[in-house]
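Here's the structure, in structure tokens; my notes come after.
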Amino acid sequence: MTHGHQLRLYNSLGRRVQDFVPSAEPAGMYSCGPTVYAFPHLGNMRAYVFADTVRRALRWKAIRVRHVVNITDVGHAVADTDTGEDKLEVAAARERRSVREIAEFYTRAFFDDIRALNILPADEYPRASAYVPQMIDFTATLEQKGYTYRLPSGLYFDTAQDPRYGELAQLDPEGQREAARLEQVPGRRRKTDFALWRAEQPGQRRVMRWDSPWGWGAPGWHLECSVMSIALLGPHFDIHTGGVDHRELHHVNEIAQSEAYLGDGLPWVRFWLHNEFLQLGAAKMAKSAGGAPRLADLTEAGYHPMAFRLFLLGGHYRSQLDFTTEAMDAAQATLRRLVARVQPLRPLPEADTLGAAIAAAATAAAATAAAATGAARALDLMDAAIAADLSTPKILAVLQDALRDPAIAPDGLRVLAAAADALLGLSLGTLDPADLEHRRSVTELAPEELHAIEHLVAERTQARKERDWTRADQIRAELDQRGVQLTDTPEGPVWRLR
Ligand SMILES: [Zn+2]
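Here the sequence shown is numbered in my numbering, starting from 295 and rising by one per residue.
Here you go:
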């Protein structure tokens with residue numbers, strides 16, 4: 295295994311698995327990042343764990359990478375449409391905070407979550423609001439080249455001028471399928487045409503507004519990814535990632551405007567990689583204030599962030615995953631078993647780098663212990679699995695089999711655990727088993743007990759509203775007796791079981 299297995303990735307552009315060889319080093323990689331007007335939910339996190347898996351696969355293959363993840367703090371109108379208010383401005387009004395405060399608060403929440411999930415930091419996290427002048431220049435170039443037309447609502451990209459428009463989404467020529475769910479914009483020539491500049495309407499005054507050749511307004515929400523990726527990675531780069539929902543619209547429009555801007559006839563980005571959805575369904579989590587469950591809800595309910603990571607990696611990134619408490623329980627139990635098994639083998643060797651170095655270590659181990667041939671074989675299976683379009687479930691299975699195999703000596707197991715850790719990022723070398731003990735979960739409560747607790751929490755909120763502090767304290771004491779730990783947050787009270 296001198297070079298190992300050729301890395302192959304499923305390219306959404308053409309819908310096929312292809313050999314991945316970087317066109318330059320470091321390879322450029324761009325991932326669509328968070329829109330920072332609300333807490334990222336568990337479904338959002340799948341995209342970042344997926345991009346992290348790509349990063350780890352490249353590192354394993356000794357391919358250097360430069361990774362950029364954008365922070366959308368302007369330009370994203372409500373409901374992904376081209377007109378109307380920005381999501382950030384709506385959130386600021388709702389929470390009575392400034393747009394800047396909202397963006398900073400939720401950007402920090404995003405960084406907290408990716409750190410908790412052991413996601414490798416990107417090289418750059420550009421903020422859209424810092425690139426508006428460049429977006430205006432980019433748009434002016436498109437206008438000069440004749441790719442745009444003006445309407446009272448802004449400047450639009452004319453998709454009729456792009457014969458390959460929609461190739462990524464495999465849209466029919468009229469692009470009806472996706473465009474059907476879009477808003478009606480008076481004067482728009484085609485349903486697929488999209489706003490590059492969203493002009494302020496008479497009587498409207500945005501909080502975030504810039505002057506431009508097309509009047510005061512804000513950039514269209516596809517623009518930032520094209521502009522910032524080209525600014526930070528160069529005109530062409532190797533990998534663009536995102537959730538599969540972006541494949542049908544956002545990425546289609548990124549490609550159209552970027553290729554029109556560059557005008558060199560080359561595909562803008564070589565590999566488009568998309569992760570499937572995480573179905574959140576009706577999973578019952580700890581009660582926080584509304585919305586889809588987020589990582590903090592999981593930890594409140596007694597799960598370790600690494601258990602969520604293991605749950606995600608237990609499915610292939612191109613398969614839909616159903617998020618259920620049963621699946622989370624199983625993931626936490628699996629992680630607990632893995633850590634208990636790996637703990638006596640610590641410290642694990644440094645295995646952050648490449649498969650080749652680890653293979654050499656396995657070969658050396660084979661020379662000293664006859665039984666280590668099993669380890670070398672398992673290592674080859676792991677390499678084959680990551681190379682075959684990032685088969686993380688297979689890597690987990692190979693590790694679990696190896697840890698059960700009496701023929702593999704501890705030295706071999708150490709290398710295998712370190713290799714799996716490098717690829718999966720589960721922190722097997724450092725996790726404390728005590729952190730994986732399952733606390734009593736909200737989901738284990740009898741319905742009447744859950745109802746009683748929720749009733750008391752609501753009653754206490756009402757008492758506080760009426761400034762009846764004695765009553766509020768009495769209720770807190772009663773909740774305490776029931777083993778409920780209550781925290782007051784800006785979004786309202788949050789509780790969990792001790
Ligand atoms: Zn994007």
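C-beta atoms are modelled at their ideal positions from N, C-alpha and C, and glycine is treated no differently.
Taking V343 as reference, the option from S306, Q312, L414, V368 with the minimal CA-CA separation is L414.
With contacts defined by Cβ atoms closer than 8 Å, L462 and W562 do not form a contacting pair. Between N364 and M600, the C-beta spacing is not below 8 Å. Per DSSP, the unbroken alpha helix (DSSP H) holding L744 starts and ends at 741-759. By the CB criterion at 8 Å, S325 and T535 fall inside the cutoff. Sequence-distant Cβ neighbours of A766 in its own chain, meaning closer than 6 Å and more than five residues away, are R754, A757, R758. Here the alpha carbons of F333 and A586 stand approximately 9 Å from one another. Annotation for G608: A625, P687, L690 place their beta carbon closer than 7 Å to its own, counting only its chain and skipping 5 residues before and after.
Secondary structure at Y597: coil, using DSSP grouped into helix, strand and coil. If you draw a straight line from the Cα of S506 to the Cα of H545, it is about 25 Å long.
Within the model, the alpha-carbon separation for H540 versus D762 is close to 49 Å. Where W562 is concerned, there is no enclosing alpha helix (DSSP H), because DSSP gives it neither an H nor an E.
For H361, the distance from the CB to the nearest heavy atom of ligand 1 is not below 7 Å.
Look at E418: its beta carbon is at least 7 Å from all of the heavy atoms in ligand 1. In the DSSP annotation of this structure, P415 is not part of any alpha helix (DSSP H), being labelled neither H nor E. In this structure, the C-beta of G536 approaches ligand 1 to less than 7 Å from one of its heavy atoms. In the same chain as G509, and ignoring 5 residues on each side of it, the C-beta atoms closer than 7 Å to its own belong to A493, E494, in chain order. As the crow flies, the alpha-carbon of E738 is around 28 Å from that of D406.
Partner residues in the beta bridge of M323, as assigned by DSSP, are H361, I533. Below 8 Å, enough C-beta pairs join the region 707-719 and the region 629-647 to call them touching: three or more. In the three-state reduction of the DSSP assignment, V311 falls in the strand class. A straight line joining the alpha-carbon of K355 with that of L722 spans about 21 Å.
Measuring C-alpha to C-alpha distances from A385 to each of V330, Q438, A403 identifies V330 as the nearest. The shortest CA-to-CA distance from M339 to any of L592, Q455, Y304 is the one to L592.
Burial state of P420 is buried, judged by a 10 Å Cβ sphere holding 16 or more other Cβ atoms.
DSSP places P427 inside the alpha helix (DSSP H), whose first and last residues are 426-438.
Cβ-Cβ distances below 6 Å link A403 to F333 in the same chain, with the five nearest sequence neighbours on each side left out; the list follows chain order. Under DSSP, no beta-bridge partner is assigned to W763. Membership of D782 in the beta strand (DSSP E) is indicated by the continuous run 778-783. Residues with their Cβ less than 5 Å from any non-hydrogen atom of ligand 1, running along the chain, are C326, C519. In this model, L574 and V362 are separated by some 27 Å (Cα to Cα). A Cβ-Cβ separation of about 5 Å places A696 in contact with L710 under the 8 Å criterion. With a cutoff of 8 Å on beta-carbon distance, F451 and A550 are scored as near each other. Taking the Cα positions, L615 is about 29 Å away from F399. Setting aside the 5 residues that flank it on each side, T781 is surrounded in the same chain by V788, each with a C-beta closer than 6 Å to its C-beta; the list follows chain order.
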